[in-house]
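Undergrad: First residue of the sequence shown: 1079, per the numbering used here; consecutive thereafter.
We treat Cβ as the ideally placed atom computed from N, Cα and C, and that holds for glycine.
Since the model is a prediction, treat every value here as computed from it, not as a measurement.
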Amino acid sequence: MYFISTRGRERVTAAQAIVQGLSVDGGLFVPETFPSVSKEELEAMLTMSYAERATEVLHKYLDEYDKAGLLAACEKAYAKFEDGDPAPLVKLDDGVYMLELFHGPTCAFKDMALTLLPYLLRTGCDIVGIKEQILILVATSGDTGKAALEGFKDAEGIKIMVFYPDDGVSKMQKLQMCTQEGSNVNVVAVKGNFDDCQTTVKKIFNSEECKAKLLAKNTRLSSANSINFGRLAPQIAYYFSAYLDLVSAGQIEIGEEVNFTVPTGNFGNILAAYYAKRMGLPVGKLVCASNKNNVLTDFIRKGEYKTEGRPFYKTMSPSMDILISSNLERFLFELSGRDASLTAERMKSLTEKGTYSISDEELKAMKEQFFAGFSSEDDTVECIYDIFSEIGYPMDTHTGVAMNVAREYFEKENEDKRNMVVVSTASPYKFPQDVLYALTGNDVKDSFKGVKRINALTAMKIPESLANLRDKTVRFKTSVAVSKAFDEIMKFIG
Ligand SMILES: *Cc1c(COP(=O)(O)O)cnc(C)c1O
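1) Going by DSSP, name the residue or residues bridged to residue 1330.
2) Which residues in the same chain as residue 1351 place their Cβ atom closer than 7 Å to its Cβ, once the five residues preceding and following it in sequence are excluded?
3) Is the beta carbon of residue 1497 sitting closer than 8 Å to the one on residue 1330?
4) For residue 1203, which of helix, strand or coil comes out of DSSP?
5) Can we say the segment 1530-1550 touches the segment 1495-1513, given the rule of at least three CB pairs closer than 8 Å?
6) With DSSP collapsed to three states, give me the class of residue 1401.
7) What three-state label does DSSP hand residue 1166 in the structure shown?
8) Nearest to residue 1527 by alpha carbon, out of 1250, 1205 and 1246?
9) Taking the runs of the beta strand (DSSP E) that are 3 residues or longer, which of them lie wholly in the segment 1484-1547?
10) Taking one C-beta from the segment 1188-1206 and one from the segment 1308-1323 each time, how about it: are there three or more such pairs within less than 8 Å?
11) Determine which residues share a DSSP beta bridge with residue 1089 and list them.
12) Which same chain residues end up closer than 6 Å to residue 1141 when comparing Cβ atoms and leaving out the 5 residues on each side of it in sequence?
13) Buried or exposed for residue 1502, please, with buried defined as at least 16 other CB atoms from any protein chain shown within 10 angstroms of its CB.
14) Output yes or no for whether 8 Å exceeds the beta carbon distance between residue 1480 and residue 1367.
15) Could you give the C-beta distance for residue 1418 and residue 1084, rounded to a whole number, given that I count them as a contact under 8 Å?
16) DSSP three-state call for residue 1298: helix, strand or coil?
17) Specify the secondary structure class of residue 1276 as computed by DSSP and reduced to three states.
18) Measure the alpha-carbon distance for residue 1441 versus residue 1139 and round it to whole angstroms.
19) Where does residue 1139 fall in DSSP's three states?
20) Name, in chain order, the residues that DSSP records as bridge partners for residue 1176.
21) Go through the segment 1366-1452 residue by residue and report every complete run of the beta strand (DSSP E) that reaches 3 residues or more, in order.
22) What first and last residue would you give for the alpha helix (DSSP H) that runs through residue 1459?
23) Which of the three DSSP states is assigned to residue 1319 in this structure?
24) Reducing DSSP to helix, strand and coil, say where residue 1362 ends up.
25) Going straight from the alpha carbon of residue 1230 to that of residue 1429, what length do you get?
26) Please report how far the alpha carbon of residue 1468 lies from the alpha carbon of residue 1395, in whole angstroms.
27) Is residue 1476 near ligand 1, in the sense that its beta carbon is under 7 Å from a heavy atom of that ligand?
28) Assuming contact is defined by CB atoms lying nearer than 8 Å, are residue 1268 and residue 1307 in contact in what I supplied?
29) List the DSSP bridge partners of residue 1186.
30) Taking the alpha-carbon of residue 1343 as reference, which of 1266, 1392 and 1082 has the nearest alpha-carbon?
31) Taking only runs of the alpha helix (DSSP H) that begin and end inside the segment 1197-1261, which ones reach a length of at least 4 residues, in chain order?
32) Work out the CA separation of residue 1082 and residue 1107 for me, nearest whole Å.
33) In the DSSP assignment, what residue or residues form a beta bridge with residue 1336?
34) Just the residues with CB closer than 5 Å to a heavy atom of ligand 1, in chain order, which are they?
35) Could you check what DSSP says for residue 1341 in three-state terms: helix, strand or coil?
36) Look at the alpha carbon of residue 1448 and the alpha carbon of residue 1345, and state the distance between them as a whole number of angstroms.
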């Protein structure tokens, strides 16, 4: 399978796409065609384990990777999840399910891909024949950074460096990153918000000068952000798995369509659902849930993407505090009928003018696939409270945003009787102060006190990785201006 750039100037193999991360023309790699999964194949996957299902899906795209090797890597990656099942489906109500993706080492859904990416990258380097050391650069709004650090720590021939916005992540997220162990890791705060962080990292990726300086130190850049197809591919698998679990549990007939609600930031998670649909999974509506930073809601409703003049809000769902959703470019490429020059033009307009628009036909086609909504801070708090008091199910703040928008969907589209799966992206213990506030109205100053109180209230098990955090040593304290980010990289490389 080959991969092409959304901006038209490159065609590479899967291994190359993963090793490179971003195309040289600034575009994102997408599969040349969507592989399909037949009904027979879907049926055969019913009795498989999660790792086996993931291997089936991954190998469709990464056909130059050895399938047995992929399976071994998936088994190893998903053995790191607590309680055996990496993606359990929990029934909340008739026709409403929660897909819990937070049982991995860092308690957020990023683990679903980042436990596997080191294998995909290491093997990709071997396939392509790359001899230099790899430096993974990550811009994070909190969860990617930790999951990438954990995934790549002590990986052979790879170094990893994470940039996070100085005060744009939760205390727990910051502590998770700054106490990271491993001999090949570095974590640096930059002054600014996540978009500043992401733009800085993207600039370094696109700078010939930076790349030459690194190459002189025998180092090549790669990305663990969701612009890398190696991040996206493992995410497609859990949509298949959730669907198969519904069939196995007798909740739907095979072939029946299911809707998904996804709490969205960079559009990576929900794009994976769209890819699953394009592969033939019976998916109905994709509900795109945003927080107060509702640039995607406006885009999906009106067809105009506009960051110009839009304030950036810091919310209690920080991993969704994003105005420039990078992965939307992949969907735009499909929406335009795979018109690379039009996609490039739109991205240029976004960079230069802070806006672009799509045609009426495109808007109509998009609305057939997607429903969009957003949740204010108050509504998210209320939704978390409601679901806990009605059903006894505690949710994190990102999932609260999703659930609230799913409720809006049920109200507005009450003719739609298809089953709904809401994607739960983080453990409530990862955002303990805000979750405790939502559940009880009480404020606590200390995250760990929040953890204790949530535990007393919900009896939900505290993930070991968060319980241990308090006793860990803070290793990383550096904070720099965005203009100094590259200097920090050079210092790290030595
Ligand atoms: C990253 C993240 C999101 C947003 O996912 P995207 O793929 O960026 O849309 C939502 N919730 C949590 C907890 C996350 O870590």
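TA: Reading from the atomic positions:
1) Here residue 1330 corresponds to residue number 252 of the sequence shown, with the count starting at 1. Answer is none; residue 1330 lacks a bridge partner.
2) Here residue 1351 is taken as the residue at index 273 of the sequence shown, counted from 1. Around residue 1351: 1317, 1338, 1340, 1361 and 1364.
3) As a first step, residue 1497 is located in the sequence shown; it is residue number 419 there, counting from the start. As a first step, residue 1330 is located in the sequence shown; it is residue number 252 there, counting from the start. Cβ atoms of residue 1497 and residue 1330: closer than 8 Å.
4) Indexing the sequence shown from 1 puts residue 1203 at position 125. Residue 1203: helix per DSSP, three-state reduction.
5) By the Cβ test, the segment 1530-1550 is in contact with the segment 1495-1513, since at least three Cβ pairs between them sit closer than 8 Å.
6) For the purposes of this step, residue 1401 is taken as residue 323 along the sequence shown, with counting starting at 1. Here residue 1401 sits in coil by DSSP.
7) In the sequence shown, counting from the first residue as 1, residue 1166 sits at position 88. Three-state DSSP puts residue 1166 in coil, outside helix and strand.
8) By 1-based counting over the sequence shown, the position of residue 1527 is 449. With distances taken between Cα atoms, residue 1527 lies closest to 1250.
9) Runs of the beta strand (DSSP E) inside the segment 1484-1547: 1497-1502.
10) Touching, yes.
11) Stepping through the sequence shown from its first residue, residue 1089 is reached at position 11. Note: residue 1089 sits in a beta bridge opposite 1082.
12) Taking the sequence shown and counting its residues from 1, the one referred to as residue 1141 is at position 63. So the qualifying residues of the chain are 1079.
13) If you number the sequence shown from 1, residue 1502 lands on position 424. Note on residue 1502: 16 or more other CB atoms within 10 angstroms of its CB, so buried under the neighbour-count rule.
14) To locate residue 1480, count along the sequence shown from 1; it is residue 402. To locate residue 1367, count along the sequence shown from 1; it is residue 289. The Cβ atoms of residue 1480 and residue 1367 sit closer than 8 Å to each other.
15) Position 340 of the sequence shown holds residue 1418. Position 6 of the sequence shown holds residue 1084. Indeed they touch by this definition, with Cβ atoms about 6 Å apart.
16) The residue labelled residue 1298 in the question sits at position 220 within the sequence shown. Here residue 1298 sits in strand by DSSP.
17) By one-based count along the sequence shown, residue 1276 stands at place 198. DSSP places residue 1276 in helix when its eight states are reduced to three.
18) Position 363 of the sequence shown, counted from the first residue, corresponds to residue 1441. Position 61 of the sequence shown, counted from the first residue, corresponds to residue 1139. Residue 1441 and residue 1139 have their C-alpha atoms roughly 28 Å apart.
19) Taking the first residue of the sequence shown as 1, we reach residue 1139 at position 61. Three-state result, residue 1139: helix.
20) The count along the sequence shown starts at 1 and reaches residue 1176 at position 98. 1168 and 1500.
21) Taking only runs of at least 3 residues, the beta strand (DSSP E) segments lying wholly in the segment 1366-1452 are 1382-1384, 1433-1435 and 1448-1452.
22) Within the sequence shown, the letter at position 381 stands for residue 1459. Unbroken alpha helix (DSSP H) run through residue 1459: 1455-1469.
23) Counted from its first residue, the sequence shown places residue 1319 at position 241. If DSSP states are grouped into helix, strand and coil, residue 1319 belongs with the helices.
24) By 1-based counting over the sequence shown, the position of residue 1362 is 284. Here residue 1362 sits in strand by DSSP.
25) Here residue 1230 is taken as the residue at index 152 of the sequence shown, counted from 1. Here residue 1429 is taken as the residue at index 351 of the sequence shown, counted from 1. In a straight line, the C-alpha of residue 1230 is about 31 Å away from that of residue 1429.
26) As a working note, residue 1468 is residue 390 in the sequence shown. As a working note, residue 1395 is residue 317 in the sequence shown. Approximately 22 Å between the Cα atoms of the pair.
27) In the sequence shown, residue 1476 corresponds to position 398, counting from 1. Indeed, a heavy atom of ligand 1 lies less than 7 Å from the Cβ.
28) Taking the sequence shown and counting its residues from 1, one reaches residue 1268 at position 190. Taking the sequence shown and counting its residues from 1, one reaches residue 1307 at position 229. The Cβ atoms of residue 1268 and residue 1307 lie no closer than 8 Å to each other.
29) On the sequence shown, residue 1186 is found 108 positions in, with the first residue counted as 1. Answer is 1504.
30) Stepping through the sequence shown from its first residue, residue 1343 is reached at position 265. Comparing Cα-Cα distances from residue 1343 to each of 1266, 1392 and 1082, the minimum goes to 1392.
31) Counting only unbroken stretches of 4 or more residues, the alpha helix (DSSP H) elements lying wholly within the segment 1197-1261 are 1221-1230 and 1249-1256, in sequence order.
32) In the sequence shown, counting from the first residue as 1, residue 1107 sits at position 29. In the sequence shown, counting from the first residue as 1, residue 1082 sits at position 4. Their Cα atoms are separated by approximately 5 Å.
33) The count along the sequence shown starts at 1 and reaches residue 1336 at position 258. Under the DSSP definition of a beta bridge, residue 1336 partners with 1361 and 1497.
34) Qualifying residues, in the order they occur: 1186, 1221, 1341, 1342, 1343, 1344, 1346, 1347, 1397, 1476, 1503 and 1504.
35) If you number the sequence shown from 1, residue 1341 lands on position 263. Here residue 1341 sits in strand by DSSP.
36) Here residue 1448 refers to the residue found at position 370 when the sequence shown is read from its first residue. Here residue 1345 refers to the residue found at position 267 when the sequence shown is read from its first residue. Answer to the nearest angstrom: the Cα atoms are 12 Å apart.
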